[in-house]
Amino acid sequence: MGNEDLDFGVMLDDLTSDAAKWREVNGVLSTALSTARACQLGFGVTDGLSFAAGFKGHYDSAHQEFVTYLEQGVTALEEIAVNLEDTRTTYEASDEYAQWKARQ
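Next comes the structure, spelled out in C-alpha coordinates:
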(Lines of atoms letter the chains of each structure in order from A and count residues from 1; the text may use other names and numbers.)
(Lines give C-alpha, C1' and ligand atoms only; values in the text may rest on other atoms or scores of the structure.)
Protein backbone atom coordinates (compact mmCIF):
# COMPACT_ATOMS: atom_id res chain seq x y z
CA MET A 1 0.00 0.00 0.00
CA GLY A 2 1.62 3.21 -1.16
CA ASN A 3 1.32 6.68 0.33
CA GLU A 4 -1.26 7.55 -2.30
CA ASP A 5 -3.50 4.74 -1.07
CA LEU A 6 -3.07 5.86 2.53
CA ASP A 7 -3.78 9.48 1.61
CA PHE A 8 -6.83 8.38 -0.37
CA GLY A 9 -8.15 6.38 2.58
CA VAL A 10 -7.58 9.29 4.94
CA MET A 11 -9.44 11.60 2.56
CA LEU A 12 -12.38 9.17 2.39
CA ASP A 13 -12.47 8.93 6.18
CA ASP A 14 -12.33 12.73 6.42
CA LEU A 15 -15.34 13.03 4.12
CA THR A 16 -17.31 10.67 6.35
CA SER A 17 -16.13 12.45 9.50
CA ASP A 18 -17.03 15.86 8.07
CA ALA A 19 -20.49 14.62 7.08
CA ALA A 20 -21.03 13.40 10.64
CA LYS A 21 -19.97 16.78 12.04
CA TRP A 22 -22.40 18.62 9.76
CA ARG A 23 -25.14 16.23 10.89
CA GLU A 24 -24.23 16.98 14.51
CA VAL A 25 -24.61 20.72 13.90
CA ASN A 26 -27.83 19.92 12.04
CA GLY A 27 -29.10 18.15 15.17
CA VAL A 28 -28.50 21.26 17.26
CA LEU A 29 -30.25 23.43 14.67
CA SER A 30 -33.13 20.94 14.49
CA THR A 31 -33.56 21.24 18.25
CA ALA A 32 -33.63 25.02 17.92
CA LEU A 33 -36.23 24.65 15.17
CA SER A 34 -38.43 22.45 17.37
CA THR A 35 -38.16 24.98 20.18
CA ALA A 36 -38.92 27.89 17.87
CA ARG A 37 -41.98 26.14 16.46
CA ALA A 38 -43.29 25.73 20.01
CA CYS A 39 -42.88 29.43 20.80
CA GLN A 40 -46.30 30.64 19.80
CA LEU A 41 -47.68 33.76 21.43
CA GLY A 42 -51.21 33.03 22.50
CA PHE A 43 -53.98 35.35 21.42
CA GLY A 44 -55.00 36.05 25.03
CA VAL A 45 -51.50 37.15 26.04
CA THR A 46 -51.75 40.54 24.40
CA ASP A 47 -53.89 43.30 25.81
CA GLY A 48 -56.28 45.30 23.70
CA LEU A 49 -53.84 48.13 23.04
CA SER A 50 -51.07 45.77 21.93
CA PHE A 51 -53.53 43.93 19.74
CA ALA A 52 -54.77 47.18 18.22
CA ALA A 53 -51.19 48.26 17.55
CA GLY A 54 -50.61 45.04 15.63
CA PHE A 55 -48.15 43.53 18.10
CA LYS A 56 -49.45 39.99 17.61
CA GLY A 57 -49.23 40.29 13.84
CA HIS A 58 -45.67 41.60 14.02
CA TYR A 59 -44.70 38.85 16.45
CA ASP A 60 -46.26 36.16 14.26
CA SER A 61 -44.53 37.54 11.17
CA ALA A 62 -41.12 37.68 12.86
CA HIS A 63 -41.65 34.24 14.39
CA GLN A 64 -42.52 32.71 11.03
CA GLU A 65 -39.49 34.33 9.40
CA PHE A 66 -37.24 32.94 12.13
CA VAL A 67 -38.75 29.45 11.78
CA THR A 68 -38.31 29.63 8.01
CA TYR A 69 -34.61 30.52 8.38
CA LEU A 70 -34.11 27.61 10.78
CA GLU A 71 -35.89 25.24 8.37
CA GLN A 72 -33.65 26.42 5.55
CA GLY A 73 -30.59 25.91 7.75
CA VAL A 74 -31.64 22.36 8.65
CA THR A 75 -32.18 21.58 4.97
CA ALA A 76 -28.85 23.13 3.92
CA LEU A 77 -26.86 21.27 6.58
CA GLU A 78 -28.41 17.95 5.58
CA GLU A 79 -27.60 18.69 1.93
CA ILE A 80 -23.97 19.36 2.88
CA ALA A 81 -23.74 16.03 4.71
CA VAL A 82 -25.35 14.14 1.83
CA ASN A 83 -23.03 15.82 -0.69
CA LEU A 84 -19.97 14.82 1.34
CA GLU A 85 -21.20 11.23 1.53
CA ASP A 86 -21.99 11.21 -2.19
CA THR A 87 -18.51 12.56 -2.90
CA ARG A 88 -16.99 9.71 -0.90
CA THR A 89 -19.10 7.16 -2.78
CA THR A 90 -18.09 8.66 -6.13
CA TYR A 91 -14.38 8.67 -5.21
CA GLU A 92 -14.58 5.07 -3.99
CA ALA A 93 -16.31 3.94 -7.17
CA SER A 94 -13.79 5.79 -9.35
CA ASP A 95 -10.88 4.27 -7.44
CA GLU A 96 -12.32 0.76 -7.72
CA TYR A 97 -12.86 1.26 -11.45
CA ALA A 98 -9.31 2.58 -11.90
CA GLN A 99 -7.89 -0.40 -10.03
CA TRP A 100 -9.99 -2.81 -12.09
CA LYS A 101 -8.93 -1.09 -15.32
CA ALA A 102 -5.25 -1.27 -14.29
CA ARG A 103 -5.56 -5.03 -13.79
CA GLN A 104 -6.93 -5.54 -17.31
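Numbered according to this note's numbering, the sequence shown spans residues -16 to 87.
All C-beta atoms, glycine included, are put in the ideal place defined by N, C-alpha and C.
Unbroken alpha helix (DSSP H) run spanning residue i, endpoints
i     : result
GLN47 : 38 to 86
Residue from the options whose Cα sits closest to the Cα of residue i
i       : options                      : result
LEU12   : TYR80, THR72, ARG71, LEU60   : LEU60
HIS46   : ALA36, GLY37, ILE63, CYS22   : CYS22
VAL64   : ALA3, GLY(-8), MET(-6)       : Checking the sequence shown, residue 64 turns out to be Ala, not Val. Per the Cα distances, ALA3.
GLU62   : ARG86, THR73, ASN9, THR14    : ASN9
ASP(-4) : GLN87, TYR80, ALA36, GLU75   : GLU75
LEU53   : GLY40, THR14, SER77, GLY(-8) : THR14
MET(-6) : ASP78, ARG6, ALA85, SER44    : ASP78
Whole-Å CB distance - residue i paired with residue j, under 8 Å assumed
i    : j     : result
GLY1 : LEU67 : First, the residue type needs correcting, since residue 1 is Asp and not Gly in the sequence shown. The pair is a contact, with the Cβ atoms about 5 Å apart (cut-off 8 Å).
Beta-carbon contacts of residue i that lie in its chain and below 8 Å, excluding the five residues immediately before and after
i       : result
LYS50   : Note on residue identity: the sequence assigns Val, not Lys, to residue 50. Closer than 8 Å at Cβ, skipping near neighbours: LEU16, ALA19, ARG20.
THR(-1) : LEU67, GLU68, ARG71
Same chain, Cβ closer than 6 Å to residue i, five either side skipped, listed in chain order
i        : result
MET(-16) : With a pLDDT of only 48 at MET(-16), under the threshold of 50, the placement of this residue in the model should not be trusted, and no figure is reported.
With 16 other Cβ atoms within 10 Å as the buried cut-off, status of residue i
i     : result
TRP83 : exposed
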